[in-house]
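Peer 1:
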Amino acid sequence: MSAAYLDKLNPDQRRAVEHGICEHGVGEPAADAAPALLVIAGAGSGKTSTLAHRVVHLAASGIDPRRILLMTFSRRAAVEMTRRVQRIGNEAFGAKGSAGGALNALTAALSWAGTFHAIGARLLREYARRIGLEPTFTIHDREDSADLMNLVRHDLGFSAKQSRFPTKATCLAIYSRAVNAEQELEAVLAKSFPWCCPWEDELRALFAAYLDAKQRQHVLDYDDLLLYWAQMMCEPSIAADVAGRFDHVLVDEYQDTNRLQASILLKLKPDGRGLTVVGDDAQSIYSFRAATVRNILEFPAQFRLAAAVVTLERNYRSSEPILAASNAVISLAAERFTKNLWSGRASSERPGLVTVADETDQAHYVAHRVLENRESGSALKAQAVLFRASHHSAALEIELAVRGIPFVKFGGLKFLDSAHVKDLLACLRWAENPRDRVAGFRVLQLLPGIGPAKAGQILDQAGSPDAVAALAELRSPAGAKADWSAFADTMRGLSLRLAGWPAEIEAVRCWYEPHLERIHDDAPARKADLMQLEQIAATYPSRERFLTELTLDPPDATSDEAGAPLLDEDYLILSTIHSAKGQEWSAVFVLNVVDGCIPSDLAAGETEEIEEERRLLYVAMTRAKHQLDLVVPQRFYVHQQSRGGDRHLYASRTRFVPDALLALFEQRTWPVHAQEPDRAAGRSDPPIDIAARLRARWR
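Read in order, the letters of the sequence shown correspond to residues 479 to 1177 in this note's numbering.
#1: Am I right that Leu515 and Leu548 are in contact with their C-beta atoms under 8 Å? What's the rounded C-beta distance?
#2: From which residue to which residue does the beta strand (DSSP E) around Ala1102 run?
#3: Where does the unbroken beta strand (DSSP E) through Lys887 begin, and where does it stop?
#4: Helix, strand or coil: which one does DSSP assign to Ser1078?
#5: For the stretch 734-797, list the alpha helix (DSSP H) runs that are entirely contained and at least 4 residues long, ordered along the chain.
#6: Please determine, among Val557, Val534 and His618, the residue with the shortest C-alpha to C-alpha distance to Ala570.
#7: Within the same chain, show all residues whose beta-carbon is closer than 8 Å to that of Ser973, passing over the 5 residues directly before and after it, in chain order.
#8: Is the distance from the Cβ of Leu698 to the Cβ of Glu678 below 8 Å?
#9: Can you tell which of Ser1078, Ala638 and His618 has the C-alpha that lies nearest to the C-alpha of Ala867?
#10: According to the neighbour-count rule (16 or more other Cβ atoms, all chains shown, within 10 Å of its Cβ), is Lys669 buried or exposed?
#11: So Glu1144 is in the beta strand (DSSP E); what residue range does that whole segment cover?
#12: Anyone know if the C-beta pair for Leu703 and His618 falls short of 8 Å?
#13: Given a cut-off of 8 Å on the beta-carbon distance, is the pair Trp1148 and Val834 in contact?
#14: Beta carbon of Val1180, beta carbon of Tyr732: below 8 Å?
#15: Under 8 Å, do Cys675 and Leu684 count as touching if we go by C-beta distance?
#16: Kindly indicate which three-state DSSP category His502 falls into: helix, strand or coil?
#17: Give every residue of the same chain whose Cβ lies closer than 7 Å to the Cβ of Gly752, excluding the five residues on either side of it in the sequence, and list them in chain order.
#18: Since Asp1107 contacts Arg847 with CB under 8 Å, what's their CB separation in whole angstroms?
#19: Kindly list the residues whose CB is nearer than 6 Å to the CB of Arg493, restricted to its own chain and excluding five residues on each side of it in sequence; keep chain order.
#20: Excluding the 5 residues flanking Ile716 on each side, which residues of the same chain have their C-beta closer than 7 Å to its C-beta?
#21: Mind reading off the beta-carbon distance from Thr1100 to Ala521? Whole number of angstroms is fine, and I expect it under 8 Å.
#22: Over the uninterrupted beta strand (DSSP E) stretch that includes Ile928, give me the two end residues.
#23: Mind checking Val495: buried by the 16 CB within 10 Å criterion, or exposed?
#24: Please name the residue or residues paired with Ile617 in a DSSP beta bridge.
#25: Considering only their Cβ atoms, is the gap separating Phe1024 from Gly830 smaller than 8 Å?
#26: Only counting the same chain, and skipping five residues up and downstream in sequence, which positions put a Cβ closer than 6 Å to that of Asp836?
#27: Sort out for me which residues DSSP pairs Gly592 with in a bridge.
#28: Using 8 Å as the threshold, is the C-beta distance between Ala519 and Leu790 below it?
#29: Spell out a yes or no on whether the stretch 981-997 and the stretch 869-882 are touching, meaning 3 or more CB-CB pairs, one atom from each, closer than 8 Å.
#30: Would you decide whether Asn818 is buried or exposed? Buried here means 16 or more other CB atoms lie within 10 Å of its CB.
#31: Take Trp989 as the anchor and find which of Gln923, Phe965 and Gly971 has the nearest alpha-carbon.
#32: Which residues in the same chain have their Cβ closer than 6 Å to the Cβ of Asn904, if we skip the five residues on either side of it in sequence?
#33: On the premise that Val986 lies in contact with Leu906, defined as a C-beta separation below 8 Å, what is that separation, rounded to the nearest angstrom?
#34: For a test of the three-state rule: what should DSSP assign to Phe1114, helix, strand or coil?
#35: Tell me the DSSP secondary structure of Trp673 in three-state form.
#36: Between Pro489 and Ala785, how many whole angstroms is the CB-CB distance? I'm expecting something under 8 Å.
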């Protein structure tokens, strides 16, 4: 077999791919001594290709692909990685004969490719009985977890406190932060939720009761998938068994991991041998999810034999002027891995630093430039407008609507967050795990005449471990009498798996649709989602796998996309910077590049918060291929101030673009006439009161 499939890699990529793999294969002593590998992959440097090539090269060098664990941060990334591996494998092994058999074995054996949470869920099911779980446990998404937290909160009487107790969402956020950051509750409250500090004792009691409720109902929440996995790896016999399954562990987007994920990796590969992590400290922007840049910064020193570091600096996305400005912005970071992105894409067009009067002019400018680009041959889809917070695009959305420019705004509801999809999934989850009180509580309230109180009473009456089976024996509630028999029969069929998978999802959809029409005015659009859900379900081998993987990584909703242009084949992209990570466009406009927005005034405290804001701007800038405009409004109109009423706030350019960097940008003011002198300056004529003239007409 030829290694020609590596010839397309640049020297740094090839060094990363071949690390620890000598000429004669991985079985040589030199490979056993190879340290862990950290690949610092700059924006647009081909990290996905590098990681996929390493997987193929490991397999080509004798590693059994069934002993390779590949973890990503989304199911889509895992699917894309598998596709890349298959394509590269075609080059490495060929597609026919015995070589084709080797390729098929490679791609089929990459079943250990997925998200941290999906891999965790799979391992927990395999080891469930050894760690006190039922293998049939169900997984709550964030909303279901918050609902269960609220039930426990109510049972403990905290919702009846005279002073305001934290809401269910806040309680879950506190719990999640403590779990993922591996921090004590006291520290989490002091740093991230100071207004909740007086409730520390009550929160401890709440979280303990929440854990007990999950155990009784055989459910895990999203955070438990990592927490239980990490705790499982603290048992030497289980840790040795799990770690012994994998010769190589590869992790994508390592800068986005939290402390819990890092601890899992260190238990999988305590000495670092066989461990490869890929990421970019300059793109660590998810601290609100408890991710910490410290994981990647401190990785090389985690092992007795320091990890090897390979830096990918060649950028395949952006022009040289854009990279020069981006490099300069991130070079001012307090702590980082040194790298200098470069590209072979020469251009005379520097990034724009565009000063406008206010948010209205900002909207006018962006709309004007977008249409100008379109007339020059750049499709709307090839352009994106990025912003720090979702509400920053409000004025622009109005302007786009006025001009008839279609757009999609990313960061809307996900498929699983839609009420109708959650309803149908709750039916399946309750049938899968009859002890899941949250699922049963939701399903029962789909029937007419059953509210929260009645639903709780029915669940209490059912009482047995199999509440679903007990439905047929219960007396139907008065308001739901006409619907009760069909409901009980449907749930019984799901529980007994009479229709088989995936036919049972069609059965529950048919039962649910009349209730959908009764509950929602926009039932046709929601039916389309349910049909899509049914199609998705058909791609999974079982109900359990479907529920698990859909909960962990749901697709986007069709009916809930903000501003989705259903009749247009081309549309502008609006996105928060967080949602834009990993994407690229020909032209990028970044709104509100001023202090108070970037950096956010809510993040202007500790140094680490300011540094993450700097990385956010860097991520936004490095999404652009050919054109980049940073827009700087000089003032904002702020409503309903406590003193003085409505007023203008004057803004200054972001501190992340100091005067020393201005030469890297083309500075412009828009509209152009704003640069012209004020012709009225110096004149003493009194102002003309046009409003008085108009009022006189009606006297």
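Think of the CB as a built atom: it goes at the ideal place given N, C-alpha and C, for glycine as much as any other residue.
Peer 2: Well, looking at it:
#1: The count along the sequence shown starts at 1 and reaches residue 515 at position 37. The count along the sequence shown starts at 1 and reaches residue 548 at position 70. Between the beta-carbon of Leu515 and that of Leu548 there is about 14 Å, and that puts the pair past the 8 Å contact cut.
#2: Mapped onto the sequence shown, residue 1102 falls at position 624. Unbroken beta strand (DSSP E) run through Ala1102: Ala1102 to Pro1111.
#3: Counted from its first residue, the sequence shown places residue 887 at position 409. Phe885 to Phe888 is the extent of the beta strand (DSSP E) around Lys887.
#4: Residue numbering aside, residue 1078 sits at position 600 when the sequence shown is read from its first letter. Three-state result, Ser1078: strand.
#5: Look at the stretch 734-797 and you find these whole runs of alpha helix (DSSP H), each 4 residues long or longer: 737-746 and 772-775.
#6: Working through the sequence shown from its first residue, we reach residue 570 at position 92. In terms of Cα proximity to Ala570, the closest of Val557, Val534 and His618 is Val534.
#7: Reading the sequence shown from its first residue, position 495 is the one you call residue 973. Within the same chain, Ala909, Pro912, Asp944, Val946 and Ala947 come within 8 Å of Ser973 by CB-CB distance, once the 5 residues on both sides are set aside.
#8: Here the question's residue 698 lines up with position 220 in the sequence shown. Here the question's residue 678 lines up with position 200 in the sequence shown. Taking 8 Å as the Cβ cut-off, Leu698 and Glu678 do not qualify as a contacting pair.
#9: Taking the sequence shown and counting its residues from 1, the one referred to as residue 867 is at position 389. Ranking Ser1078, Ala638 and His618 by Cα distance to Ala867 puts Ser1078 first.
#10: Here the question's residue 669 lines up with position 191 in the sequence shown. Exposed, by the Cβ-count rule.
#11: If you number the sequence shown from 1, residue 1144 lands on position 666. Run containing Glu1144: Glu1144 to Thr1147, per the beta strand (DSSP E) assignment.
#12: Here residue 703 corresponds to residue number 225 of the sequence shown, with the count starting at 1. Here residue 618 corresponds to residue number 140 of the sequence shown, with the count starting at 1. The answer is no: Cβ separation not under 8 Å.
#13: Taking the first residue of the sequence shown as position 1, residue 1148 is located at position 670. Taking the first residue of the sequence shown as position 1, residue 834 is located at position 356. Yes, these two residues count as a Cβ contact at 8 Å.
#14: Outside the modelled stretch of the chain, which goes from 479 to 1177, sits residue 1180, for which no answer is possible.
#15: Along the sequence shown, read from residue 1 onward, the residue named residue 675 stands at position 197. Along the sequence shown, read from residue 1 onward, the residue named residue 684 stands at position 206. Result no, Cβ atoms of Cys675 and Leu684 do not sit closer than 8 Å.
#16: Locating residue 502 in the sequence shown gives position 24, where the first residue counts as 1. Low per-residue confidence applies at His502: pLDDT is 46, beneath 50, and the placement is therefore not dependable enough to give any value.
#17: Stepping through the sequence shown from its first residue, residue 752 is reached at position 274. Contacts found: Asp725, His726 and Val727.
#18: Position 629 of the sequence shown, counted from the first residue, corresponds to residue 1107. Position 369 of the sequence shown, counted from the first residue, corresponds to residue 847. With a Cβ gap of about 7 Å, Asp1107 and Arg847 count as contacting.
#19: Against the sequence shown, residue 493 aligns to sequence position 15. If we look at Arg493 and ignore the five residues flanking it on each side, its Cβ neighbours are Val788.
#20: Here the question's residue 716 lines up with position 238 in the sequence shown. The residues are Tyr605, Arg608 and Met710.
#21: In the sequence shown, the residue the question calls residue 1100 occupies position 622. In the sequence shown, the residue the question calls residue 521 occupies position 43. Right, the Cβ-Cβ distance comes to about 4 Å (below 8 Å), so this counts as a contact.
#22: Along the sequence shown, read from residue 1 onward, the residue named residue 928 stands at position 450. Here Ile928 belongs to no beta strand (DSSP E), and DSSP marks it neither H nor E.
#23: Residue mapping note: residue 495 aligns to position 17 of the sequence shown, counting from 1. Its Cβ being crowded by 16 or more others within 10 Å, Val495 is buried.
#24: The residue you call residue 617 lines up with position 139 of the sequence shown. Leu698, per the DSSP bridge assignment.
#25: Stepping through the sequence shown from its first residue, residue 830 is reached at position 352. Stepping through the sequence shown from its first residue, residue 1024 is reached at position 546. Cβ atoms of Gly830 and Phe1024: not closer than 8 Å.
#26: Translated into positions along the sequence shown, residue 836 becomes position 358. Taken in chain order, the residues that qualify are Pro1111 and Arg1113.
#27: On the sequence shown, position 114 is the one that residue 592 refers to. Note: Gly592 sits in a beta bridge opposite Met549.
#28: For the purposes of this step, residue 519 is identified with residue 41 of the sequence shown, where counting begins at 1. For the purposes of this step, residue 790 is identified with residue 312 of the sequence shown, where counting begins at 1. Taking 8 Å as the Cβ cut-off, Ala519 and Leu790 qualify as a contacting pair.
#29: When C-beta atoms of the stretch 981-997 are compared with those of the stretch 869-882, fewer than three pairs fall below 8 Å, so the two segments do not count as touching.
#30: On the sequence shown, position 340 is the one that residue 818 refers to. Classification for Asn818: exposed.
#31: Counted from its first residue, the sequence shown places residue 989 at position 511. Minimum Cα distance to Trp989 is reached at Phe965.
#32: Within the sequence shown, numbered from 1, the residue matching residue 904 stands at position 426. The question names Asn, but residue 904 is Ala in the sequence shown. Take Ala904, set aside five residues on each side of it, and the residues of its chain with a beta-carbon closer than 6 Å to its own are Ala917, Arg920 and Val921, in chain order.
#33: Along the sequence shown, read from residue 1 onward, the residue named residue 906 stands at position 428. Along the sequence shown, read from residue 1 onward, the residue named residue 986 stands at position 508. Distance from Leu906 to Val986 at the Cβ level is roughly 7 Å; contact confirmed, criterion being Cβ atoms closer than 8 Å.
#34: Against the sequence shown, residue 1114 aligns to sequence position 636. Residue state for Phe1114 is assigned as strand, using DSSP reduced to three classes.
#35: Translated into the one-based positions of the sequence shown, residue 673 becomes position 195. Residue state for Trp673 is assigned as helix, using DSSP reduced to three classes.
#36: Looking up residue 489 in the sequence shown gives position 11. Looking up residue 785 in the sequence shown gives position 307. Taking the Cβ atoms as the reference, Pro489 lies roughly 20 Å from Ala785, outside the contact range of under 8 Å.
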